[in-house]
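Numbering (full-length UniProt numbering), first residue to last: 1 to 74.
In structure tokens, the structure reads:
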């Protein structure tokens, strides 16, 4: 039940789909930063934070990711 991907094929990940997947996020079309907090709101839920990929992945990921995460506390 997989896919055959020939050697040297360029594969792109659909980040929009991952970030809007209703199986990962409750009401994914709504802006709700609280979804990244623990149930009592006292700390960041790191597991949910790892599901979102605003900076891309792999060799072409945003080189400013570390600075942005530290400055904005994402």
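Each residue gets a CB set at the ideal place from its N, CA and C atoms; glycine is no exception.
Please read all numbers here as calculations on a predicted model, not as lab measurements.
query	result
Helix, strand or coil at residue 37 according to DSSP, with G and I counted as helix	strand
CA-to-CA distance, residue 59 to residue 51, given in whole angstroms	19 angstroms
Neighbourhood of residue 24 by C-beta distance below 8 angstroms, restricted to the same chain and skipping five residues each side	18, 51
Short Cβ contact (8 angstroms threshold) for residue 36 with residue 49	yes
Between the CA atoms of residue 5 and residue 47 - distance to the nearest angstrom	30 angstroms
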